[in-house]
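Q: Pasting a structure below so you can have a look.
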Amino acid sequence: MVSGGSDSTALAYIMADLHARGLVGPLACLHVNHKLRGRDAEDDQVFVAALAEALDIPFFCCEVDVALLARETGGNVEAIGRQERYIAAREALESLCMHAAVPIAEGRIITAHTQDDRVENFYMRSIKGTGPGGFRSMLYRNGPVVRPLLDVSRAGLRCYLEERAARGEVVVRDEQGALWREDATNAHTDRFRSYVRHEIVPAAKAQNPQLLDTLCRTMNLIADEDDFMESLAEDALVNNAEQAEGYTLLLPGFGMLALPLKRRAIRSVLESLIGSEGRIESAAIEAVLQAFDEDGSPQSGYVVNIQGDLAVSANKQGVLIEPMARFRTRRKRA
């Protein structure tokens, strides 16, 4: 995915070079025009199209009126934009794989997220609140999505672009002669990410000039421990739960597990029921925990609604988590 900014422009050159050396397979360049910035957005599209042409890479462009979608759905503009980018990326990936006769399972969506993005996410989640796993930040790989630049800084990529131009290698410039496009809205500190980028991160860097490296090492340590906890939670569910499509029954032994492990396992159960993209409410996890008494036994007769559309109920057999519709159907049959 190429927006035209410095990070994704550098990624396009890097991937094209790797392809020329036979180190990666067929490439395509995807640009999503969110229709948010008028002429600037059109100029971004022209720049990325020229970049793809210069690198002899197939160009996919998707135009989405994100503001209109946000008004129609009541959603967040940035969240909808991200969702639409990945929808477009999956469609482009399927098309490329089909034309290149490559199995879709071998296709990859490459993004240009950097150290800077990871650090910004760290502070954003610190301010808004998150569980321990939230501080691991982005995954290097998540399904077909690969982020090869997570250990590279934005400043380093900009130096790469300037050095590439100085060496006389293939580069594309915009109408002002710039090697990448600048999104003027990134400077608006009324937007949360921009506020973190321009106010909080520079202040932290003033105290530690090696902030990016330091925090990224910390996040990698958190990720290792998060993976370990996740494996323990999976084992806990295998031994203390009955899971089937549409519901999970936590057996009485689940209540005897350590509290952090129970929280992690419950989060995993809720993600399986509402999807990994849904936001898990901390109150929902606590509501499931309250279905067990102080001795860890299920509290018969306990019933509560969580996440808007899930029911939690307890009896001697355990604690059942299921869609509200399924719960009501069972009650009618009882």
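Just add 957 to the spot in the sequence shown (first one is 1) and you have the working numbering. The C-beta atom is built at its ideal place from N, Cα and C for all residues, glycine as well.
(1) Helix, strand or coil for glycine 1275? Go by DSSP, reduced to three states.
(2) Taking the beta strand (DSSP E) that tyrosine 1204 belongs to, which residues open and close that run?
(3) Select from Thr1171, Arg1224, Val1245, Arg1124 the residue whose C-alpha is nearest the C-alpha of glycine 1235.
(4) Going straight from the alpha carbon of arginine 1039 to that of leucine 993, what length do you get?
(5) Mind reading off the beta-carbon distance from isoleucine 1066 to proline 1101? Whole number of angstroms is fine, and I expect it under 8 Å.
(6) Residues in the same chain with beta-carbon distance under 6 Å from leucine 1194, minus the five sequence neighbours each way, listed in chain order, please.
(7) How would you write the range of the alpha helix (DSSP H) that isoleucine 1263 sits in, first residue to last?
(8) Flag this pair as yes or no: are the beta carbons of valine 1076 and valine 1158 separated by less than 8 Å?
(9) Helix, strand or coil: which one does DSSP assign to serine 1270?
(10) Going along the chain, which residues of its own chain have a beta-carbon closer than 8 Å to the beta-carbon of methionine 1095, five neighbours each way excluded?
(11) With distances taken between CB atoms, is the gap from leucine 1118 to alanine 977 smaller than 8 Å?
(12) According to the neighbour-count rule (16 or more other Cβ atoms, all chains shown, within 10 Å of its Cβ), is aspartate 1184 buried or exposed?
(13) Taking C-alpha atoms, which residue in Val1260, Thr1087, Lys1273 lies nearest to arginine 1288?
(14) Answer yes or no: do valine 959 and histidine 988 have a C-beta to C-beta separation smaller than 8 Å?
(15) Any contact between the region 1128-1146 and the region 1000-1018? By contact I mean 3 or more CB pairs, one from each, below 8 Å.
(16) Which residue spans inside the region 1185-1232 form an unbroken beta strand (DSSP E) run of at least 3?
(17) Leaving out five residues before and five after serine 1188 in sequence, what residues of the same chain have Cβ atoms less than 8 Å from its Cβ?
(18) Three Cβ pairs or more, each shorter than 8 Å: is that satisfied between the region 1208-1217 and the region 1048-1066?
(19) Between which two residues does the alpha helix (DSSP H) harbouring valine 1245 extend?
(20) Under a Cβ-count criterion, where at least 16 other Cβ atoms within 10 Å of its own Cβ denotes burial, should aspartate 1252 be classed as buried or exposed?
(21) Note the first and the last residue of the continuous beta strand (DSSP E) segment covering asparagine 990.
(22) Could you tell me the distance, in whole angstroms, from the CA atom of isoleucine 1014 to the CA atom of arginine 1174?
(23) Apply the 10 Å Cβ neighbour rule to glutamate 1279 and answer buried if 16 or more other Cβ atoms are within range, or exposed otherwise.
(24) Whose C-beta lies closer than 7 Å to the C-beta of arginine 1093 among residues of the same chain, with five residues either side of it excluded?
(25) Buried or exposed for threonine 1205, please, with buried defined as at least 16 other CB atoms from any protein chain shown within 10 angstroms of its CB.
A: So, from the data block:
(1) The three-state reading of DSSP puts glycine 1275 in strand, counting E and B together.
(2) DSSP places tyrosine 1204 in the uninterrupted beta strand (DSSP E) bounded by 1204-1207.
(3) Comparing Cα-Cα distances from glycine 1235 to each of Thr1171, Arg1224, Val1245, Arg1124, the minimum goes to Arg1224.
(4) Leucine 993 has its alpha-carbon roughly 13 Å from the corresponding atom of arginine 1039.
(5) The Cβ separation is near 5 Å, so the contact holds.
(6) Once the five neighbours on either side are set aside, the close Cβ partners of leucine 1194 are Ala1222.
(7) From DSSP, isoleucine 1263 is part of no alpha helix (DSSP H) but of the beta strand (DSSP E) over 1260-1263.
(8) Less than 8 Å separates the beta-carbon of valine 1076 from that of valine 1158.
(9) In the structure shown, serine 1270 sits in a strand (DSSP, three-state: E or B).
(10) Answer for methionine 1095: His1070, Asp1074, Arg1075, Asn1078, Arg1104, Leu1107, listed in chain order.
(11) Cβ atoms of leucine 1118 and alanine 977: not closer than 8 Å.
(12) Answer is exposed; the Cβ neighbour count stays below 16.
(13) It is Val1260.
(14) Yes, Cβ-Cβ distance for valine 959 and histidine 988 is below 8 Å.
(15) Output reads yes: the region 1000-1018 touches the region 1128-1146.
(16) Those beta strand (DSSP E) runs which fall completely within the region 1185-1232 and span 3+ residues are 1198-1201, 1204-1207.
(17) Correct list: empty, nothing qualifies.
(18) At 8 Å Cβ cutoff, the stretches do not touch.
(19) Boundaries of the alpha helix (DSSP H) around valine 1245: 1239-1246.
(20) Exposed, by the Cβ-count rule.
(21) Residue range 986-990 is occupied by the beta strand (DSSP E) that includes asparagine 990.
(22) Each residue's Cα considered, the two are about 35 Å apart.
(23) Around the beta carbon of glutamate 1279, 16 or more other beta carbons sit within 10 angstroms, so the residue counts as buried.
(24) Around arginine 1093: Met1176, Ile1179, Ala1180, Asp1183.
(25) With 16 or more other Cβ atoms inside 10 Å of its own Cβ, threonine 1205 counts as buried.
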